[in-house]
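Undergrad: Below is one structure. I have some questions about it.
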Amino acid sequence: MVGVVERKEPRKRKRSDDNADTAASSTNECAGKTQLRFFDVNEVVPRGVVAMAAEAPGRIAIARENGQIEICAVHQRIVSCLFVIPRLSKDSVITGLAWVGGRLFSCGLDAQIVEWDVNRRSPRSSSSSYGGAVFHMVYDGHSTIALACTDGSLRLFDVSKGSLVYTKALQAGSLTASSRAVSALFIDPHNVAVSTADGIVRVHDVASGRVRSQMQSESGTHVTAMCVSVDGQSLVTGDTSGRTQFWSMDTFTVSRCLATHAADIRAVVVHAGLVHCTGIDHKIVSIDNDCTVVSEVRLHRSDVLCLASLNENAIVSAGMDAQICVQLAGEYSLSPPVFHVTADADASFVRVAARNNDDDSIDVFENGHRLARIETSRPLLTFAMAPDGSRIVTATTRSTHVLDILPNGTVRKAGTGLPPSSLVAFSSDSRSLVVVGLDGRLTLRHDGGEEDVAGQVPIANATRLCVSHGRIAVADADGAVNVFDLKDLSLVGTLPRFPSAITALQFQSPSIIAVALASLSFQLFDLDRASFTEWSVRNGAPVLRPDPNNRASLRLLRGGSSVSRIEFQPNDMSKAMLVASSFIAKVDLSVESPVTTAVPKSLTMHRAAVHHQNGSGVPDRVVRHSTAVSLLDFVGSPVALARFGDNGASVNIVATPWSLMRQRMQAPIHRHRYGAT
0 MVGVVERKEP RKRKRSDDNA DTAASSTNEC AGKTQLRFFD VNEVVPRGVV
50 AMAAEAPGRI AIARENGQIE ICAVHQRIVS CLFVIPRLSK DSVITGLAWV
100 GGRLFSCGLD AQIVEWDVNR RSPRSSSSSY GGAVFHMVYD GHSTIALACT
150 DGSLRLFDVS KGSLVYTKAL QAGSLTASSR AVSALFIDPH NVAVSTADGI
200 VRVHDVASGR VRSQMQSESG THVTAMCVSV DGQSLVTGDT SGRTQFWSMD
250 TFTVSRCLAT HAADIRAVVV HAGLVHCTGI DHKIVSIDND CTVVSEVRLH
300 RSDVLCLASL NENAIVSAGM DAQICVQLAG EYSLSPPVFH VTADADASFV
350 RVAARNNDDD SIDVFENGHR LARIETSRPL LTFAMAPDGS RIVTATTRST
400 HVLDILPNGT VRKAGTGLPP SSLVAFSSDS RSLVVVGLDG RLTLRHDGGE
450 EDVAGQVPIA NATRLCVSHG RIAVADADGA VNVFDLKDLS LVGTLPRFPS
500 AITALQFQSP SIIAVALASL SFQLFDLDRA SFTEWSVRNG APVLRPDPNN
550 RASLRLLRGG SSVSRIEFQP NDMSKAMLVA SSFIAKVDLS VESPVTTAVP
600 KSLTMHRAAV HHQNGSGVPD RVVRHSTAVS LLDFVGSPVA LARFGDNGAS
650 VNIVATPWSL MRQRMQAPIH RHRYGAT
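167 is the number that numbering that gives the first Met the number 0 gives to position 168 of the sequence shown; each next residue is one higher, with no gaps.
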């Protein structure tokens with residue numbers, strides 16, 4: 000259902016806006032011969048990460064503070080959001096996530112444990128915690144999930160038979176506010192440790208519920224995170240005083256105590272032979288088996304709440320600054336948050352639609368000023384704007400609707416609704432709508448209301464949809480791409496399965512499709528010849544390969560951002576634009592792409608410096624990567640969207656500097672209720 004929408008009158012621009020990013024602006028900067036026109040969507044504010052769970056190979060689930068869950072693929076240092084699971088309600092606060100053999104569970108302050116149907120982006124089943132609000136969830140690796148609850152108990156659920164069955168409660172403390180359970184850890188399948196807010200850590204026998212031993216924290220503190228040491232001989236705890244303690248498994252007494260942090264420790268994990276701990280002082284500290292601090296870094300801009308060991312090489316951290324950090328081989332990369340933004344393609348009539356992260360609404364902007372707000376009564380799954388900017392489609396957990404955006408800014412429904420959809424897109428002429436349902440069925444709706452349904456096997460877990468040049472391309476989470484004809488939804492061809500997650504699709508022509516991967520590989524596939532093009536065979540994989548001799552491009556390409564969009568220049572289809580949050584790559588497909596070893600140019604971190612030029616006369620924002628690739632630096636201003644306009648003579652960019660985003664984000668203490676407070 001769509002709420003009442005009123006036109007918002009554009010505000011008058013102040014003199015101070017001339018150099019600000021709060022409305023549409025235009026610059027004279029040229030990257031080659033391309034003019035860059037910048038837009039900022041004021042209401043889009045990223046939300047922090049409050050819970051995270053990793054699943055091999057290379058997949059993580061993260062919960063945002065607004066209740067949304069993002070399923071992401073991690074390849075090397077690159078994090079790519081595959082899709083978003085909408086929140087249950089506006090009051091949802093998730094405190095824990097867990098993967099159980101491909102099944103995803105969450106818990107929160109609403110006293111519920113939920114199993115999610117990841118393919119359908121909806122709950123599969125749910126149960127009461129039977130102990131009130133849940134502050135932590137842990138899986139024993141076999142058959143049991145334990146919930147640390149506000150009544151001081153540890154509630155155990157069996158998940159071994161494909162269902163969620165409550166089994167028993169282990170009472171850790173008395174029924175008082177000061178003794179709520181805040182953290183838990185399975186030492187092994189037979190013993191579980193639970194920490195309560197009164198400062199006591201108890202070790203229970205899972206079968207009998209008997210307390211085998213207990214440990215007392217220093218007065219006024221309590222343990223907030225636990226793990227087992229590398230050698231398995233110690234229980235490692237982090238507490239609210241910022242201390243990391245090693246407790247002997249034999250005597251349950253403190254063997255070593257390290258003051259690693261200046262405030263609360265929020266996560267402790269073992270990875271690659273080291274204990275890693277982090278907290279609200281932004282630091283990530285690594286400790287070896289001799290209880291010696293071997294490294295500490297401060298990369299995040301705010302409280303770090305989550306740590307997860309992804310595989311033997313990578314560890315992932317996230318927190319209230321909304322960024323995801325991947326540590327690989329001693330090096331770190333930060334992935335900016337994902338912005339759900341779409342726009343029309345007409346440069347003279349720029350409309351941008353952006354999802355509001357605080358509620359299930361979409362704001363429509365015209366030339367930088369808000370034109371209308373579209374409100375939905377159900378959680379929003381996805382949305383898309385027509386290429387001519389006259390329509391928008393919204394898909395909620397109940398239905399999918401097409402809405403007309405009238406010239407006066409009002410919005411009205413167009414036709415009857417469709418079932419809920421995971422992916423939606425308009426055809427190039429804006430007259431037809433392509434929908435991938437939650438059941439994986441591909442549906443085409445025409446202007447007159449007629450519908451065609453593909454007769455192929457449903458596409459499970461679809462993640463990307465592209466409609467162009469009379470073709471439809473659908474990618475799934477396993478790296479497969481199916482191409483259909485837009486007229487009759489017949490299957491045109493299937494691409495070879497790719498080794499990493501697909502992050503973007505676009506047609507160069509009816510017979511050639513471009514694919515971007517999480518590995519930063521860029522491939523062109525010829526459907527007529529059923530093979531990759533000659534340019535792709537020679538240049539596809541290394542086109543964005545980081546060059547150790549070019550430090551400027553190395554920093555951009557190892558920054559953690561994946562390509563989220565592919566654009567071909569309208570007047571020259573041999574020119575492609577690859578859009579990532581921290582850079583935009585302009586690729587010339589008419590030349591080879593050997594990696595250059597030129598003297599690196601400096602990186603520009605602020606938009607005000609784009610007019611400054613170096614000795615070569617090239618703006619500092621431009622980084623030359625190779626003979627075929629030029630990069631535009633947007634590390635300081637994450638890009639939400641970039642589209643060609645003016646027949647390729649200009650590029651419209653929706654980007655917001657981190658300095659402005661931090662001003663819009665309240666301090667964590669005002670935004671989130673930690674289990675430790």
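Yeah, the Cβ is synthetic: ideal placement off N, Cα and C, and Gly gets one too.
What are the boundary residues of the beta strand (DSSP E) that includes residue 411?
TA: Along the sequence shown, one-based indexing puts residue 411 at 412. Where residue 411 is concerned, the enclosing beta strand (DSSP E) stretches over 410-412.
Undergrad: In the DSSP output, what is residue 524 paired with across the bridge?
TA: Working through the sequence shown from its first residue, we reach residue 524 at position 525. In the DSSP output, where bridge partners are listed per residue, residue 524 has 512 and 531.
Undergrad: Among the candidates 350, 435, 402 and 203, whose CA atom is the shortest distance from the CA of residue 446?
TA: For the purposes of this step, residue 446 is taken as residue 447 along the sequence shown, with counting starting at 1. Among 350, 435, 402 and 203, the Cα nearest to that of residue 446 belongs to 402.
Undergrad: Please say whether residue 268 and residue 308 have beta carbons closer to each other than 8 angstroms?
TA: In the sequence shown, the residue the question calls residue 308 occupies position 309. In the sequence shown, the residue the question calls residue 268 occupies position 269. A contact, by the Cβ cut-off of 8 angstroms.
Undergrad: Who pairs with residue 557 in a beta bridge, going by DSSP?
TA: In the sequence shown, counting from the first residue as 1, residue 557 sits at position 558. Its beta-bridge partners do not exist; DSSP assigns none.
Undergrad: Please report the straight-line C-alpha distance between residue 537 and residue 519, rounded to a whole angstrom.
TA: Taking the first residue of the sequence shown as position 1, residue 537 is located at position 538. Taking the first residue of the sequence shown as position 1, residue 519 is located at position 520. C-alpha separation (whole angstroms): 15 angstroms.
Undergrad: Quick check on the DSSP output: the beta strand (DSSP E) that includes residue 125 runs from which residue to which?
TA: Locating residue 125 in the sequence shown gives position 126, counting from the first residue. Segment 121-127, the beta strand (DSSP E) holding residue 125.
Undergrad: For residue 190, which residues from the same chain have a beta carbon less than 8 angstroms from its beta carbon, with the 5 sequence-adjacent residues on both sides left out?
TA: As a working mapping, residue 190 is identified with position 191 in the sequence shown. Answer for residue 190: 202, 203, 204, 205 and 211, listed in chain order.
Undergrad: Would residue 621 and residue 317 be called neighbours here (beta carbons separated by less than 8 angstroms)?
TA: To locate residue 621, count along the sequence shown from 1; it is residue 622. To locate residue 317, count along the sequence shown from 1; it is residue 318. No, the pair does not count as a contact, with Cβ atoms beyond the cut-off.
Undergrad: Is there contact between the stretch 549-559 and the stretch 489-498, where contact requires at least three CB pairs shorter than 8 angstroms?
TA: no
Undergrad: What is the residue span of the alpha helix (DSSP H) that residue 660 lies within?
TA: As a first step, residue 660 must be located in the sequence shown, where it is residue number 661. 657-663 is the span of the alpha helix (DSSP H), which, as asked, contains residue 660.
Undergrad: Run through the DSSP bridge pairs and tell me what residue 574 is partnered with.
TA: Position 575 of the sequence shown, counted from the start, is the residue given in the question as residue 574. The partner list for residue 574 (beta bridge, DSSP) reads 587.
Undergrad: Is residue 140 helix, strand or coil when you go by DSSP?
TA: To locate residue 140, count along the sequence shown from 1; it is residue 141. Residue 140: coil per DSSP, three-state reduction.
Undergrad: So residue 448 packs on residue 442, CB below 8 angstroms; how close in whole Å?
TA: Reading the sequence shown from its first residue, position 449 is the one you call residue 448. Reading the sequence shown from its first residue, position 443 is the one you call residue 442. Between residue 442 and residue 448 the Cβ distance is about 12 angstroms, and since that is not below 8 angstroms, they are no contact.
Undergrad: My output table needs one value for residue 47: the three-state DSSP class, helix, strand or coil.
TA: The residue you call residue 47 lines up with position 48 of the sequence shown. DSSP places residue 47 outside both helix and strand once states are collapsed to three, so it counts as coil.
Undergrad: For residue 34 and residue 630, I'd like the C-alpha separation in whole angstroms.
TA: The residue given as residue 34 occupies position 35 in the sequence shown. The residue given as residue 630 occupies position 631 in the sequence shown. Counting only the Cα atoms, residue 630 lies some 15 angstroms from residue 34.
Undergrad: Please state if the CB of residue 302 and the CB of residue 279 are separated by a distance shorter than 8 angstroms.
TA: As a position in the sequence shown, residue 279 is number 280, starting the count at 1. As a position in the sequence shown, residue 302 is number 303, starting the count at 1. Their beta carbons are under 8 angstroms apart, which means residue 279 touches residue 302 by this criterion.
Undergrad: Just mark residue 293 as buried or exposed, buried being the case when its beta carbon has 16 or more other beta carbons within 10 Å.
TA: Looking up residue 293 in the sequence shown gives position 294. When all chains shown are included, residue 293 counts as exposed.
Undergrad: Who are residue 643's beta bridge partners in DSSP?
TA: Here residue 643 is taken as the residue at index 644 of the sequence shown, counted from 1. According to DSSP, residue 643 bridges with 650.
Undergrad: Sorted by chain position, which residues of the same chain lie with C-beta nearer than 6 angstroms to residue 661's C-beta, five sequence neighbours on each side aside?
TA: Translated into the one-based positions of the sequence shown, residue 661 becomes position 662. Hits under 6 angstroms: none found.
Undergrad: Nearest to residue 589 by alpha carbon, out of 579, 577 and 571?
TA: Within the sequence shown, numbered from 1, the residue matching residue 589 stands at position 590. Relative to residue 589, the option among 579, 577 and 571 whose CA is nearest is 571.
Undergrad: Where do the N-terminal and C-terminal ends of the beta strand (DSSP E) with residue 189 fall, by residue?
TA: As a first step, residue 189 must be located in the sequence shown, where it is residue number 190. No beta strand (DSSP E) holds residue 189; DSSP gives it neither H nor E.
Undergrad: Please state whether DSSP places residue 355 in a helix, a strand or coil.
TA: Locating residue 355 in the sequence shown gives position 356, counting from the first residue. The answer is strand: DSSP assigns residue 355 an E or B state.
Undergrad: Answer with buried or exposed for residue 241, where buried requires no fewer than 16 other C-beta atoms within 10 angstroms of its C-beta.
TA: Counted from its first residue, the sequence shown places residue 241 at position 242. Residue 241 counts as buried, since at least 16 other C-beta atoms from the protein chains shown sit within 10 angstroms of its C-beta.
Undergrad: What are the start and end residues of the beta strand (DSSP E) that includes residue 70?
TA: Reading the sequence shown from its first residue, position 71 is the one you call residue 70. First-last of the beta strand (DSSP E) with residue 70: 68-74.
Undergrad: Quick check: what's the CA-CA separation for residue 236 versus residue 200?
TA: Residue numbering aside, residue 236 sits at position 237 when the sequence shown is read from its first letter. Residue numbering aside, residue 200 sits at position 201 when the sequence shown is read from its first letter. C-alpha separation (whole angstroms): 10 angstroms.
Undergrad: Give the secondary structure of residue 551 by DSSP, where H, G and I count as helix, E and B as strand, and everything else as coil.
TA: Residue mapping note: residue 551 aligns to position 552 of the sequence shown, counting from 1. In this structure, residue 551 counts as helix in the three-state DSSP scheme.
Undergrad: Hey, quick one: how far does the beta strand (DSSP E) through residue 458 stretch, first residue to last?
TA: Counted from its first residue, the sequence shown places residue 458 at position 459. Element bounds for residue 458: n/a, residue is neither H nor E.
Undergrad: Would residue 377 pass as a contact of residue 360 if the rule is Cβ separation under 8 angstroms?
TA: In the sequence shown, residue 377 corresponds to position 378, counting from 1. In the sequence shown, residue 360 corresponds to position 361, counting from 1. Against a cut-off of 8 angstroms, the Cβ pair of residue 360 and residue 377 comes out as no contact.
Undergrad: Compare the beta carbon distance of residue 183 and residue 153 with 8 angstroms and say whether it is the shorter of the two.
TA: Indexing the sequence shown from 1 puts residue 183 at position 184. Indexing the sequence shown from 1 puts residue 153 at position 154. Yes, the Cβ-Cβ distance between residue 183 and residue 153 is below 8 angstroms.
Undergrad: Here's the rule: buried if 16 or more other CB atoms are within 10 angstroms of the residue's CB, otherwise exposed. What is residue 339?
TA: Position 340 of the sequence shown, counting from 1, holds the residue named residue 339. Burial call: buried.
Undergrad: Tell me residue 281's beta-bridge partners as DSSP assigns them.
TA: Here residue 281 is taken as the residue at index 282 of the sequence shown, counted from 1. In DSSP, residue 281 forms no bridge with anything.
Undergrad: Ignoring anything shorter than 4 residues or poking outside the stretch 253-322, list the alpha helix (DSSP H) runs there in chain order.
TA: none
Undergrad: Note down the Cα distance separating residue 698 from residue 246, rounded to an integer number of angstroms.
TA: The shown model of the chain, from 0 to 676, leaves out residue 698, and the question about it has no answer.
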